[in-house]
Amino acid sequence: MLNIHNLSISFQGEYLFEDITFKLGLGDRIGLIGKNGAGKSTMLRILSKEQEADTGQIAADKDLKVGFLKQDIDFDFGKTVLEESYEAFKEIKQCETKLEAINSQLAERTDYETESYNQLMVDLNDIQHQYEILGGYNYQGDTEKILQGLGFKREDFNKLTDTFSGGWRMRIELAKLLLQNNDLLLLDEPTNHLDIESIIWLENFLKNYSGAVVIVSHDKMFLDNVTNRTIEISLGRIYDYNKPYTKFLELRKEMKIQQLAAQKNQEKQIQQTEKLIEKFRAKASKATMAQSLIKKLDRMDRIEVDEDDNSVMSLNFPVSIAPGKVVVEIEEVSKNYGDLEVLKNVNLSIARDTKTAFVGQNGQGKSTLAKIIVGEIAHEGNMKLGHNVQIGYFAQNQAEYLDGNKTVLDTMIDAANESNRSKVRDILGSFLFRGEEVEKYVKVLSGGERNRLALAKLLLQPLNVLIMDEPTNHLDIKSKNVLKEALKKFEGTLLLVSHDRDFLQGLVNTTYEFKDRSIKEYLGGIDFYLEQRNLENLREAEKRTIVKEQPKENNKKSYEEQKKLKSLNNKLSNIESKINQLEKDIKNDDVALATNYDETVADPSFFDTYQSKKHNLEQLMEDWGLLQEQIDSLS
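Basically the working numbering = 1-based index in the sequence shown + 161.
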């Protein structure tokens, strides 16, 4: 499908990557990973032919169709959601225009016997045939299906794209790509503007996608669920393995251990050979042997250990002063954007030192409520901050809060005060802006570098409450882990707007779901919230079953059946509870394997227990199925 050979590109005299070679084949779903600034987005631009490499060749199959989702897109306004989505079908739309023109002529003309009229009929038949082959009779239904999968409602279809946020416009662009039947999809951070439900939908879509996909993403769970191959760009080289992200990390770790062991053995051989050379060199009778050993050393291929780019930012959020017990109090708050009502009579109280997540579909008011709390937008109802509250705010659209024409250093100096201006360079260094990098203009920074700069700016202000709106967008996986650990240690109050399941796990202790202009509280983390949603859906199904009434003449039988049905439902609930607990335990074991492999496997009973849990889960799932069949047959 696509062959990349000896590709190189440099930036300001330094190579992003040099002489790299790899192939893309049908069915490849590749996770392209690496640190911010390693060259991932540049690689996608080269593969899409938007940018040329300095050296190297790219050989592609004839008529290869490539779709490219960029982080930042240019959008034409004035079209509805459906009209913009239909832009994916340019050939079909051209056919429709031709058909409309021919039908218009046929309706007006009466020279039925002429050759030109006959030619119109021939053209009509040809274009209708082409229209059918291109999928002209199905494209509208396909479009609606994709848009709904990405979170749009039917009532949104005829709204102008101008009325949607940047995140929703990005979804329309993604919908267009998914509708085009491209052979190769290049997706740069596709999950950045998606809520949890849409991410799961996209995962399922990409798993069944017949072409090749290259994904730049920092969502570990998304990469593990979708990809079957990982290519890492690190220090100008690539590491390519047919494994999803977590298994790739394990394999890379094992290979490095093997390389170190082989290098150690080779060093011993070299030292022994050098001793023999010194010993033989002094004797004339052994001089020939000494020369032979020297040549042997010269011919030896020295084993090199793969270098790792282990530079990570250093982050710590100090608390300024202790606030009051309640940091935010919201009563009957509502917010409208013109005719669109986003929040209606919302009540919320956030206590000191809590860590809270706002989750839900985009457009449901999460970011709006965050902006209300920081005083950025007007609203109806009452919002009151507690005593001594000092808020640090990280906005989702960070690029709009940073001046692209300033350098990194000037951005920080302008935000600093007399007490911390002298620390600016030290803070930038801890965020990996070192040496000449502080003189870079903000407009040339990658998305992840802009986020790092925004985080660095937060440290220049006193705060005891952190409100962060999608802080992990564009951050590489190592930087995300550093941020997560810093937020775990943060002793103040944290409010997170996020769709990143992996990031939220183990970090928050309260979750608010935003839906239909209101919010619902879940007194637990993100896993608890997802479990509760699943259990709630099952209970609804059970209620529909139990409500069915039996004929009056079978009252005695009906009572016995109801009694049995109640017993079966109790058993079903008990099994579901066990399934949820086992799934949670297995997930924790998977996380332990991925993050602390050596320490985890040091326990000799670990894998036995792990397999036992999986076996028990399978058995419980079978039992659940049998019980559900009995319940269905009774009802």
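Idealized CB from N, CA, C, for every residue including glycine.
Beta-carbon spacing of residue i, residue j below 8 angstroms
i	j	result
L339	Y292	no
N686	T672	In the sequence on display, residue 686 carries Gly and not Asn. For G686 and T672, yes; Cβs fall inside 8 angstroms.
I399	F178	yes
G195	K201	yes
E502	G542	no
N558	Y602	no
F519	F675	yes
L412	L225	no
T333	E245	According to the sequence as given, residue 333 is Ile; it is not Thr. Their beta carbons are under 8 angstroms apart, which means I333 touches E245 by this criterion.
G297	E610	no
V494	I552	no
V488	L410	no
L230	I263	no
T322	F250	no
P484	R513	yes
Own chain, CB closer than 8 angstroms to residue i, minus 5 neighbours either side, in chain order
i	result
E350	Q232, V377, S378, H379, G608, N634, H635
F318	T241, V242, L243, E305, L308
Straight-line gap, residue i to residue j (C-alpha atoms, nearest Å)
i	j	result
E248	W362	22 angstroms
P123	Y176	This structure gives no information on residue 123, because the portion of the chain shown stretches from 162 to 796.
Q424	V227	43 angstroms
Y370	F383	15 angstroms
G509	N549	The amino acid at residue 509 is misidentified as Gly; the sequence shows Leu. Those two C-alpha atoms are separated by around 19 angstroms.
I747	I680	31 angstroms
G188	P632	32 angstroms
S794	F689	32 angstroms
L696	L530	At L696, the pLDDT of 40 sits below 50, so the modelled position is not reliable; the number obtained from the coordinates is stated separately. Cα-Cα distance, rounded: 28 angstroms.
R206	Q212	5 angstroms
H540	Q255	46 angstroms
N777	D663	25 angstroms
T352	R463	43 angstroms
F767	T761	7 angstroms
R586	A615	15 angstroms
E435	D180	34 angstroms
I638	S475	14 angstroms
I394	G596	23 angstroms
Same chain, Cβ closer than 6 angstroms to residue i, neighbours up to 5 away in sequence not counted
i	result
K618	A576
L163	L185, A221
L809	Because the chain spans 162 through 796 in this model, residue 809 falls outside it and cannot be assessed.
Residue i CB to nearest heavy atom of the ligand MG below 7 angstroms
i	result
A512	Questions concerning the ligand MG fall outside what the structure shown contains, since it holds no ligand whatsoever.
N- and C-terminal bounds of the alpha helix (DSSP H) containing residue i
i	result
N403	N403 -> no alpha helix (DSSP H), and no H or E assigned at all.
A531	527-534
R586	585-591
E492	Element bounds for E492: not the alpha helix (DSSP H) but the beta strand (DSSP E), 487-498.
D571	569-576
Y292	276-294
E245	242-246
F664	662-665
Run of the beta strand (DSSP E) containing residue i, from where it starts to where it stops
i	result
H166	163-172
I191	190-194
K676	671-676
T304	From DSSP, T304 is part of no beta strand (DSSP E) but of the alpha helix (DSSP H) over 300-310.
I219	216-221
D385	Where D385 is concerned, there is no enclosing beta strand (DSSP E), although the alpha helix (DSSP H) it sits in stretches over 381-387.
V605	Note, V605: premise wrong, no beta strand (DSSP E); not H, not E.
L346	345-349
Cut-off 7 angstroms between Cβ atoms - residues of its own chain near residue i, not counting five sequence neighbours on either side
i	result
L648	L655, L668
D356	G312, G521, Q522, N523, H660
D630	S528, A531, F555, A556, Q557, V658
T515	T654, N670, T671
According to DSSP, residues forming a beta bridge with residue i
i	result
R398	S395
M629	F555, L657
K545	E490
T324	Answer is none; T324 lacks a bridge partner.
L501	Y498
Any chain D beta carbon closer than 8 angstroms to residue i
i	result
A539	Looking for chain D here will not work: only one protein chain is present.
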